[in-house]
Amino acid sequence: MVSPSQHEPIARSSAAVEARGIGRVFQAKGGPVTALQGIDLRIEPGELFGVLGPNGAGKSTLIKILSTLLLPTSGTASIFGLNVATETERVRRIMNIVAGGDFSGYGLLTVREQLAMFAQFYGMPYREGMRRVDGQLEAFGIADIGDRKISALSTGQRQKLNFARSFLNDPWILFLDEPTIGLDVSAARDVRSRIRAFQAEVPGRTVLLTTHYMAEADELCDRIAIVDHGRILAQGTPAELKRMVQREALFIVGLDEIPPSTPLETLRRLPGVVSIAVRDAADAGNDISGVASPMVRLAIGLRDDASLAGVITALAGAGAHLREITKSEPTLEEVFVQLVGRGIAESDAEARP
Amino acid sequence: MQTDRAADRSTGGLTLREARPFGPLRGSAADAARSLVAASRLAWSIEANWTQPLYLVVFLAIRPLAFLGLFLAVFSIGGRLDVASIGFVVVGQAVFQIVGAALQGPTHALLDDRERYRTIRYIFATPSSLLPVSVGRALVKAAIAGSSALIVIVSGVALGMPLRGGGVDLPLLLVVVPLGLLSIVGIGVALGAVCVQLRNDAWQYPEAVAGTVFLLCGAIFPLEVLPGPVQAIGAALPITWWIEGVRRALLGVASPGRLGTIPTEELVAILAVGTVVIWAAAPRLFTFAINRAREKGHLDRNTAS
Chain A
5 MVSPSQHEPI
15 ARSSAAVEAR
25 GIGRVFQAKG
35 GPVTALQGID
45 LRIEPGELFG
55 VLGPNGAGKS
65 TLIKILSTLL
75 LPTSGTASIF
85 GLNVATETER
95 VRRIMNIVAG
105 GDFSGYGLLT
115 VREQLAMFAQ
125 FYGMPYREGM
135 RRVDGQLEAF
145 GIADIGDRKI
155 SALSTGQRQK
165 LNFARSFLND
175 PWILFLDEPT
185 IGLDVSAARD
195 VRSRIRAFQA
205 EVPGRTVLLT
215 THYMAEADEL
225 CDRIAIVDHG
235 RILAQGTPAE
245 LKRMVQREAL
255 FIVGLDEIPP
265 STPLETLRRL
275 PGVVSIAVRD
285 AADAGNDISG
295 VASPMVRLAI
305 GLRDDASLAG
315 VITALAGAGA
325 HLREITKSEP
335 TLEEVFVQLV
345 GRGIAESDAE
355 ARP
Chain B
199 MQTDRAADRS
209 TGGLTLREAR
219 PFGPLRGSAA
229 DAARSLVAAS
239 RLAWSIEANW
249 TQPLYLVVFL
259 AIRPLAFLGL
269 FLAVFSIGGR
279 LDVASIGFVV
289 VGQAVFQIVG
299 AALQGPTHAL
309 LDDRERYRTI
319 RYIFATPSSL
329 LPVSVGRALV
339 KAAIAGSSAL
349 IVIVSGVALG
359 MPLRGGGVDL
369 PLLLVVVPLG
379 LLSIVGIGVA
389 LGAVCVQLRN
399 DAWQYPEAVA
409 GTVFLLCGAI
419 FPLEVLPGPV
429 QAIGAALPIT
439 WWIEGVRRAL
449 LGVASPGRLG
459 TIPTEELVAI
469 LAVGTVVIWA
479 AAPRLFTFAI
489 NRAREKGHLD
499 RNTAS
């Protein structure tokens, strides 16, 4: 560990993560395997950045390199201006890592004992370490199992313990490798909410999350990089990525029926309308007298949101009764399919031996 | 002692935590000491708390006593079981309990953490080095094996093993035991560094090395029994000198053969020099090997599943 005098202040202008041309090739029996190639990445302090990709895309390899567990075969990477290959000791002081789906831990230790041990490995005096351990146990709602042996924990409790460990050193950056994999809905929700709270507590705290859960990435991440076969195919905010597959605004408008006086051809000629089609006919439920009420849904593509007003005015003027209007957003799954050429489940199946 | 706030350096909303003192130690020495203590506590829980105390004592006694009985039986069949032979075999067998544990300790710590507990990546990702962690684990293993050694010696005395006239040479014992233990842990550290490069078969390497050392170090028979070149290898092992030092401290007599002709002061000096040489090389080899494992991607590679 370095003494205070060896530290120069870390520049506030440093990117939380800066990777340039990162590549990683593993030597395997069947020949070299390229896990990453030419990864360029810049993550700003305070961002929650997601790396989205199928199994075998290189997500975990990237996290291992950034968290100093693995050296790249080409390129350079830094965390808050510290080189991950050469300034490992300082990098480790300001970061932490959690991998999902692993059953790590010393079964004979209690939850509190294991956390106390890691507090020592982080260089904390015993009393301060225990204060932090108790704080994290409270924060994750596992204070009641503090004296339980790790071998007796459920998967969700183990992952909460893993998270509690990762928060012990107040990391500036947290690397989360598929953190909710294998967790039930409730435990996954707790973990996601704790990630958000962790970031909100101190400005500048950064999270790099790998996942292949599209909804998780969409819900949590400020920006996302989509990776496949070791390359970044696209990166941006979820909204930016979705715009890549949808150039126009898409609205779903539910009507009791298409007014005979205003056929679709008429609507298509309205200003700003790009496309219009019957999406489906549905049962909108019973009306007030208990009679089933049919509904037709139109999928209307518009140049911009403002063009919707003209369409609604025309429909209302023709006597149509509006039942619903929703804006349809493309999903990250659609973005993924467009970029990768296949769905993520399909990609995972391909990656399995 | 610095306050928390004084020990921290703020950068915007983030706080860089500096190295904390550990007693009189500062900087990396403080961290190493803190990690050593934490790893020792862990090792105690793993090695000593896995069963009821009674079963642990039985476990610690049965194996060495069974081997002792075996060797004494062999000597007896060969018609060479006398008081001197009992002392020779008992001390060799007792010390080797500790040698085996200390030699295999660092490798087992690294492989256990990689393959069984799957914690190595989380420990490696702390500012703490794996070196004090491995050493702490090995020292506790050796200390627990020390109780096996004690059981063997007490059994030897019960079988008629004569202790040194005027009592055990405690000063000599207090010099040779720590030196010998340090040298063996140093060799264990180097062995662990090599084994972390290997796949799950790596478990077997330290056992093979311990078995070979057992043959070469004069634990059960004098070095003179071995062929010439092999004798030279045995004489180069610090374990050989450690066992000889313990024999002289406990029994008051030197081993038969050339080893027995070396003055005790010289023996201690050779053991001390050997320990220094080992500790000059072992941490460097360890650091090199861990970096290589990091380069190759072997560090957190789980090969057990």
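Chains A and B supply the protein sequences, listed in that same order.
Using our numbering, the first residue of the first sequence is number 5, and each one after it goes up by one.
Using our numbering, the first residue of the second sequence is number 199, and each one after it goes up by one.
Beta carbons: idealized from backbone N, C-alpha and C, even for Gly.
Given the structure is predicted, the values throughout are model-derived calculations rather than measurements.
- Excluding sequence positions up to five before and after residue 180 of chain A, its CB lies within less than 6 Å of the CB of 102 and 213, all in the same chain and listed in chain order.
- Inter-residue distance for residue 255 of chain B and residue 485 of chain B is about 36 Å (C-alpha atoms, whole angstroms).
- Contact note: residue 322 of chain B reaches chain A through 73, using a C-beta cutoff of 7 Å and chain order.
- In the three-state reduction of the DSSP assignment, residue 181 of chain A falls in the strand class.
- Here residue 246 of chain A carries a helix assignment [DSSP, helix/strand/coil].
- Not a single CB atom of chain A sits nearer than 8 Å to the CB of residue 399 of chain B.
- Residue contact check for residue 336 of chain B against chain A: no CB pair falls below 8 Å.
- Any Cβ of chain A closer than 8 Å to the Cβ of residue 349 of chain B would place that residue at the interface, and such an atom is absent.
- A straight line joining the alpha-carbon of residue 392 of chain B with that of residue 299 of chain B spans about 17 Å.
- When B:305, B:274, B:269 and B:302 are compared, the shortest CA-CA separation from residue 288 of chain B is found for B:269.
- Residue 37 of chain A: member of the beta strand (DSSP E) spanning 35-47, first to last residue.
- Residue contact with chain A for residue 312 of chain B: absent (no Cβ-Cβ distance below 8 Å to any residue of chain A).
- Between the alpha carbons of residue 205 of chain A and residue 177 of chain A lies a distance of about 13 Å.
- Its chain contains 39, 40, 65, 76 and 77 as the residues whose beta carbon lies nearer than 6 Å to that of residue 28 of chain A, once the 5 sequence neighbours on both sides are disregarded; these appear in chain order.
- Taken in chain order, the complete beta strand (DSSP E) segments of 3 or more residues contained in the region 334-422 of chain B number zero; there are none.
- Boundaries of the alpha helix (DSSP H) harbouring residue 432 of chain B: 426-434, taken from the DSSP string.
- Not a single CB atom of chain B sits nearer than 8 Å to the CB of residue 218 of chain A.
- Residue environment: residue 248 of chain B is assigned as exposed (fewer than 16 neighbouring CB atoms within 10 Å of its CB, all protein chains considered).
- Annotation: the continuous alpha helix (DSSP H) that includes residue 63 of chain A extends over 63-70.
- When the Cα atoms are used, residue 493 of chain B and residue 37 of chain A turn out to be separated by approximately 15 Å.
- The contact set of residue 93 of chain A on chain B, defined by CB atoms closer than 8 Å, consists of 325 in chain order.
- Residue 87 of chain A carries a strand assignment under DSSP once its states are collapsed to helix, strand and coil.
- Measuring C-alpha to C-alpha distances from residue 357 of chain B to each of B:279, B:438 and B:226 identifies B:279 as the nearest.
- Boundaries of the alpha helix (DSSP H) around residue 314 of chain A: 312-321.
- Counting the other Cβ atoms within 10 Å of the Cβ of residue 310 of chain A gives fewer than 16, which makes it exposed.
- In its chain, beyond the 5 residues on either side, 305, 309, 393 and 394 have a beta carbon closer than 8 Å to the beta carbon of residue 400 of chain B.
- Under the three-state reduction of DSSP, residue 128 of chain A is assigned to coil, being neither helix nor strand.
- Within chain B, no C-beta atom comes nearer than 7 Å to that of residue 304 of chain A; the closest sits roughly 45 Å away.
- Chain B has a Cβ within less than 8 Å of the Cβ of residue 112 of chain A.
- For the 8 Å CB-CB criterion, residue 120 of chain A and residue 137 of chain A form a contact.
- Within the same chain, Cβ atoms closer than 7 Å to the Cβ of residue 222 of chain A are found at 242 and 336, the five residues on either side in sequence being excluded.
- Here residue 498 of chain B has 318 and 319 as same chain residues with Cβ atoms under 6 Å from its own Cβ, once five neighbours each way along the sequence are excluded.
- In the displayed model, residue 82 of chain A falls within a strand according to three-state DSSP.
- Contact between residue 227 of chain A and residue 51 of chain A holds: CB atoms are separated by about 6 Å, below the 8 Å threshold.
- Taking the Cα of residue 125 of chain A as reference, the smallest distance to any Cα among B:234, B:338 and B:490 is reached at B:234.
- Scanning A:57, A:33, A:42 and A:48 for the CA closest to the CA of residue 340 of chain A turns up A:57.
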